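**Student:** Chains as they are written, first to last, in the numbering used here: chain A, 1 to 207; chain B, 208 to 414. Built from N, CA and C at the ideal position, the CB exists for glycine as well. These numbers were taken from a predicted model, which means no experiment stands behind them.
2 protein chains.
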Amino acid sequence: MNTVAAAVPKPSFKAQMLLAREEAIVATVNRLLAEKGFEAMTVDEVAASVGIAKASLYKHFPSKEDLAAAAMVRIMQRALDFLDAVPAADSPIAKLRAVARWTMEVQLAGEMPSLPHQSSSLRATLMANRDYIDRLVTVSDTLGGWIVAAQKDGSLSARLPAIAILYTLYARACDPVLEFLKGSGQYSDAQIVEMVLATCFDGLAAR
Amino acid sequence: MNTVAAAVPKPSFKAQMLLAREEAIVATVNRLLAEKGFEAMTVDEVAASVGIAKASLYKHFPSKEDLAAAAMVRIMQRALDFLDAVPAADSPIAKLRAVARWTMEVQLAGEMPSLPHQSSSLRATLMANRDYIDRLVTVSDTLGGWIVAAQKDGSLSARLPAIAILYTLYARACDPVLEFLKGSGQYSDAQIVEMVLATCFDGLAAR
DNA sequence: GTCTATACTAGGATAGAC
DNA sequence: GTCTATCCTAGTATAGAC
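1) Give the interface partners of residue 176 of chain A over in chain B, defined as CB-CB distance under 7 Å, in chain order.
2) Could you tell me the alpha carbon to alpha carbon distance between residue 323 of chain B and residue 160 of chain A, rounded to whole angstroms?
3) Checking 8 Å against the spacing of the C-beta atoms, do residue 261 of chain B and residue 273 of chain B come in under that value?
4) Measure the CB-CB distance between residue 364 of chain B and residue 71 of chain A and report whether it falls below 8 Å.
5) Interface residues of chain A around residue 171 of chain B at Cβ under 8 Å?
6) Could you give the DSSP three-state label for residue 178 of chain A: helix, strand or coil?
7) Kindly indicate if chain A contains any beta-carbon less than 8 Å away from that of residue 283 of chain B.
8) Would you call residue 73 of chain A buried or exposed, if buried means 16 or more other Cβ atoms sit within 10 Å of its Cβ?
9) I believe residue 191 of chain A touches residue 386 of chain B by the beta-carbon criterion, under 8 Å. Please report the beta-carbon distance rounded to the nearest angstrom.
10) Tell me whether the region 287-300 of chain B and the region 241-255 of chain B touch, counting them as touching only if at least three CB pairs, one residue from each stretch, are closer than 8 Å.
11) Closer than 8 Å is the cut-off here; do at least three beta carbon pairs connect the region 197-204 of chain A with the region 92-110 of chain A?
12) Is DSSP giving residue 350 of chain B helix, strand or coil here?
13) Going by other Cβ atoms of all chains shown within 10 Å of its Cβ, with 16 needed for buried, is residue 175 of chain A buried or exposed?
14) Leaving out five residues before and five after residue 60 of chain A in sequence, what residues of the same chain have Cβ atoms less than 8 Å from its Cβ?
15) Rounded C-beta distance between residue 378 of chain B and residue 354 of chain B? I'm assuming under 8 Å.
16) May I ask which residues mark the beginning and end of the alpha helix (DSSP H) holding residue 393 of chain B?
17) Determine the direct distance from the alpha carbon of residue 149 of chain A to that of residue 321 of chain B, and round the result to whole angstroms.
18) In terms of residues, what are the limits of the alpha helix (DSSP H) holding residue 117 of chain A?
19) Since residue 155 of chain A and residue 93 of chain A should fall inside the 8 Å C-beta cutoff, what is the C-beta to C-beta distance between them, to a whole number of angstroms?
20) Run through chain B and tell me which residues come within less than 8 Å of residue 118 of chain A, C-beta to C-beta.
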């Protein structure tokens, strides 16, 4: 960036339109990734859903992988925003519960892009994407701090390594139990979230 | 079946070879499904891995979906066999723990075919497959019985609906935490299983 | 930067000889 | 029932006009 500050303040109307369109694209990709996953999502579908020609999509994003990566950056940014909004006064375990709840609510809303299988072509693109990795690291560091603090104050199990707890929380973002329970049609979204949250923190065994 | 009993006992050598080959095919499909999932698995790959021509595959199974369904039937049969082998004298919760452990060991061994996303073409084929559905129902009924019993004897949380517990146990078969922890390279398979098992039954919160 | 039209490839499925 | 060779659709990506 060698633009002087004075040149930045007023983005042109055209540039704003561009950003708005890109946001619309990424939001659509996000939804489709949540619905069907990376492999099953087609670029034709994305274009049709956004309402522009496929070739236009490729002017914004060089490949299907980059399209998906943009959606992953977006959801990580939403996660960061949520972490920032968690009250600092809350206890560490309350913060962790809040994050797990948010994750599940996003998934139930159909807005959680599902990560691809290990061998997907998307993995390489993601690992090379600085915007994604940086956010992932920041989220992990923040959660890691809360986990260690919660173990210290005795509210979180100290017998589990912090990394196992971190991964367990991440896994709530793609927990199939939410979808299963929703499919049963017997419970509201709020009830489902409470049940899975209780299972996650209190376990299946009686207390 | 209108064959008389006397005609059955000695399956011809040829028929045995046929079954052996089909078992080899299904075992390969099972492994590939575990590695990459249904969408990413290609029929060419299956044929190459088994060591036969693609057209020969299609003499045994009419479509890629049926190929995958056969693998799903196979794993459900393995699950049934395991359930039958669980000591009847064990307490209900001990039985449930044993099943969860088995599920995770199979996954870590790379032998747990991963179920497809909701909108996959495979779902329709599976739901129409009697061999699969029957086994699924039997497994669910058996586990359901153990769950209710464990809730009655006070070892399993009575605050959760049995169906939520059932789904939670099923979800251990595709828990990404196992793969994550394995990827960290810090723990043995046995340690990973114990950690996730403890998380599942005892929860993240301290006891 | 948007469109229409098209190139190119991967991959599921089949034909037809043996 | 196995093979080689081929068909054909779907899907990623691009050319080229406006």
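**Tutor:** According to the structure shown:
1) 378, 381
2) 31 Å
3) no
4) no
5) Any question about residue 171 of chain B goes unanswered here, given that chain B covers just 208 to 414.
6) helix
7) no
8) buried
9) In fact, because the Cβ distance is near 30 Å, the residues do not count as touching under 8 Å.
10) no
11) yes
12) helix
13) buried
14) 21, 22, 25
15) So it is not a contact: roughly 14 Å between Cβ atoms.
16) Careful: residue 393 of chain B lies outside any alpha helix (DSSP H) and carries neither H nor E.
17) 35 Å
18) Counting along the chain, residue 117 of chain A falls outside any alpha helix (DSSP H), and DSSP gives it neither H nor E.
19) 4 Å
20) 242, 243, 386
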